[in-house]
Amino acid sequence: MIQSMTGFGKATLQLPTKKITVEVKSLNSKGLDLNVRMPSVYREMELGLRNQIATQLERGKIDFAIYVENTTEQTSTKVNGPIVKNYIAQLKEVTPNADETELMKMAVRMPDALKTEREEIDENDWEEIQKTIGEALQNIQNFRKDEGASLEKEFNLRISNIRKFMEEALVLDPERIQSIKERLQTAISELAVNVDENRFEQELIYYLEKLDITEEKVRLNNHLDYFLQTITGTEANGRKLGFITQEMGREINTMGSKSNHAQMQKLVVMMKDELEKIKEQVLNVL
1 MIQSMTGFGK ATLQLPTKKI TVEVKSLNSK GLDLNVRMPS VYREMELGLR
51 NQIATQLERG KIDFAIYVEN TTEQTSTKVN GPIVKNYIAQ LKEVTPNADE
101 TELMKMAVRM PDALKTEREE IDENDWEEIQ KTIGEALQNI QNFRKDEGAS
151 LEKEFNLRIS NIRKFMEEAL VLDPERIQSI KERLQTAISE LAVNVDENRF
201 EQELIYYLEK LDITEEKVRL NNHLDYFLQT ITGTEANGRK LGFITQEMGR
251 EINTMGSKSN HAQMQKLVVM MKDELEKIKE QVLNVL
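If you count the sequence shown from 1, position 70 lands on 70 in UniProt numbering, and the numbers rise without skipping.
Quick look at the structure:
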């Protein structure tokens with residue numbers, strides 16, 4: 001069963017002092033284009049996390065983010081008291097009549113007035129965060145599967161339309177052949193020259209064989225069947241489907257170049273239109 005590369009997954013976790021939110025978004029891409037955003041405290045876990053995401057999501061332009069929201073009044077940033085006092089003393093020397101409050105405002109804006117204590121990873125917390133990451137990744141995979149089911153319905157419709165237009169074109173084939181014969185016979189008669197009828201028949205048969213679309217019809221039908229088998233198989237992937245659509249396009253183009261019939265060419269254009277819609281959606285398939 002096919003999956004879309006487009007998806008979104010989210011999961012949240014409430015820890016004693018903070019709320020963790022994990023979000024994963026993906027769009028189509030030829031390969032894996034992974035962007036990870038997370039608080040610096042968790043950076044040492046990034047490499048393993050990237051491997052986990054790449055293994056599960058395989059392909060796509062993926063944005064992964066971990067957001068942390070403190071839910072207590074505690075903060076890791078504190079006023080560096082000795083430094084601030086030193087700044088105030090120096091400012092008083094420069095402006096002895098300045099207001100104490102104004103000096104304080106100036107001092108806390110000076111370099112190193114605030115210090116941030118480095119937070120260490122709590123192993124128990126990270127274990128819970130990993131479960132939340134797994135939940136978010138599972139959610140985006142479920143999203144991708146749902147989108148894949150919609151794509152499969154779209155593909156079935158477009159393949160059915162191509163097959164229908166091809167059958168309509170084949171109904172016109174006897175009329176097309178007869179029209180070509182009549183045009184050639186009229187052209188010969190207008191030349192007002194004697195023609196060897198046997199030779200003319202041989203040349204006519206040779207010419208009509210060049211315009212025969214039976215092989216293209218058989219190959220196109222095979223490609224359509226193979227496409228449908230692939231989207232329902234266990235190894236469905238966008239690249240493979242892309243190659244099949246290229247082969248389908250070759251057969252449709254050849255039918256168009258051989259048609260020499262206005263109505264048949266119109267049906268070929270309609271087949272091409274359906275194929276282009278398939279190609280656009282194949283770009284979204286994982």
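Glycine included, every Cβ here is placed at the ideal spot set by N, Cα and C. Predicted model only: the values in this text are computed from it and were never measured.
{"Item": "With H, G and I counted as helix, E and B as strand and the rest as coil, what does DSSP make of LYS61?", "Value": "strand"}
{"Item": "Reducing DSSP to helix, strand and coil, say where VAL108 ends up.", "Value": "coil"}
{"Item": "Could you spell out the range, first to last residue, of the alpha helix (DSSP H) harbouring ALA262?", "Value": "262–282"}
{"Item": "Across the stretch 91–111 and the stretch 131–149, are there enough close Cβ pairs to call them in contact, namely three or more that are closer than 8 Å?", "Value": "no"}
{"Item": "What residues are listed by DSSP as bridge partners for TYR42?", "Value": "BP columns for TYR42 are empty, so no partner."}
{"Item": "Opposite ASP122 in the DSSP bridges: which residues?", "Value": "Answer by DSSP bridge pairing: none, since ASP122 is not bridged."}
{"Item": "Have a look at LYS266, ASP63, GLY48 and LEU91 and flag the residue whose alpha-carbon is nearest the alpha-carbon of ASP33.", "Value": "ASP63"}
{"Item": "When you compare the CB positions of LEU286 and GLY238, do they come within less than 8 Å of one another, or not?", "Value": "yes"}
{"Item": "Hey, GLU167 and SER4: beta-carbon distance below 8 Å or not?", "Value": "no"}
{"Item": "Are three or more beta carbon pairs between the stretch 10–18 and the stretch 28–42 nearer than 8 Å?", "Value": "no"}
{"Item": "With the cut-off set at 8 Å, would you say ALA169 and LEU267 are in Cβ contact?", "Value": "yes"}
{"Item": "Measure the beta-carbon distance from residue 287 to MET248 and round it to whole angstroms, keeping in mind my assumption that it falls under 8 Å.", "Value": "One cannot answer for residue 287 here, as it falls past the ends of the chain, which runs 1 to 286."}
{"Item": "What residue range does the beta strand (DSSP E) around SER29 cover?", "Value": "No beta strand (DSSP E) holds SER29; DSSP gives it neither H nor E."}
{"Item": "Let me make sure I understand the geometry here. Which of GLU100, THR232 and ILE244 has the alpha-carbon closest to that of LYS153?", "Value": "THR232"}
{"Item": "Is DSSP giving GLN130 helix, strand or coil here?", "Value": "helix"}
{"Item": "Work out the CA separation of ASN221 and MET264 for me, nearest whole Å.", "Value": "17 Å"}
{"Item": "Using 8 Å as the cut-off, can you tell me whether the stretch 19–28 makes contact with the stretch 54–70, which would need three or more C-beta pairs spanning the two stretches below that distance?", "Value": "yes"}
{"Item": "If you measure between the beta carbons of ASP112 and ILE88, is that distance less than 8 Å?", "Value": "no"}
{"Item": "When the distance is taken between beta carbons, is ILE252 closer than 8 Å to LYS272?", "Value": "yes"}
{"Item": "Report the residue from THR234, GLY242 and GLN246 whose alpha carbon sits nearest the alpha carbon of ARG219.", "Value": "GLN246"}
{"Item": "If we ignore side chains and look at the alpha-carbon of each, how far apart do ILE133 and VAL22 end up?", "Value": "6 Å"}
{"Item": "Any idea if THR6 is buried or exposed, counting beta-carbon neighbours within 10 angstroms, 16 or more meaning buried?", "Value": "buried"}
{"Item": "Over the uninterrupted beta strand (DSSP E) stretch that includes GLN14, give me the two end residues.", "Value": "7–14"}
{"Item": "From which residue to which residue does the alpha helix (DSSP H) around ASN221 run?", "Value": "214–232"}
{"Item": "Could you check how far apart the C-beta atoms of LEU228 and ILE278 are, in whole angstroms? I think they sit under 8 Å.", "Value": "Going by Cβ atoms, the distance from LEU228 to ILE278 rounds to 11 Å, so no, they are not a contact pair."}
{"Item": "Going by DSSP, name the residue or residues bridged to VAL285.", "Value": "SER4"}
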